[in-house]
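**Student:** This structure is in structure tokens; I'll ask about it shortly.
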């Protein structure tokens, strides 16, 4: 039976996440054991903070998972990379990124 782990991340944009712009996030995920990310799937969703009288929309354009960090001296933790685009028309100040990591 598969196991599913969830991560909820919150971001604050002082100038707002303007429509037509993107944000790239690199999230390090501690591995439970060697080979943890063999046959693993990742799913990401982005959501703006709900505000009345504003139409805020986000979409995840790319997502990937890498078995370990390629940078020398790193802890070799697995890396999830997500690219989020603000498709407006209004710019959220606060937005959320939710990850689901599925291991069969």
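In this note's numbering, the protein residues as written are 1 to 104.
Glycine residues also receive a C-beta, built at the ideal position from the N, C-alpha and C atoms.
1) What residues in its chain sit with their C-beta under 6 Å from that of residue 27, if we drop five residues either side in the sequence?
2) Consult DSSP for residue 17 and reduce its assignment to one of helix, strand or coil.
3) By DSSP, does residue 49 sit in helix, in strand, or in coil?
4) Assign residue 12 to buried or exposed, taking buried as 16 or more other Cβ atoms, counted over all protein chains shown, within 10 Å of its Cβ.
5) With H, G and I counted as helix, E and B as strand and the rest as coil, what does DSSP make of residue 40?
**Tutor:** Based on what the coordinates show:
1) 80
2) coil
3) coil
4) exposed
5) coil
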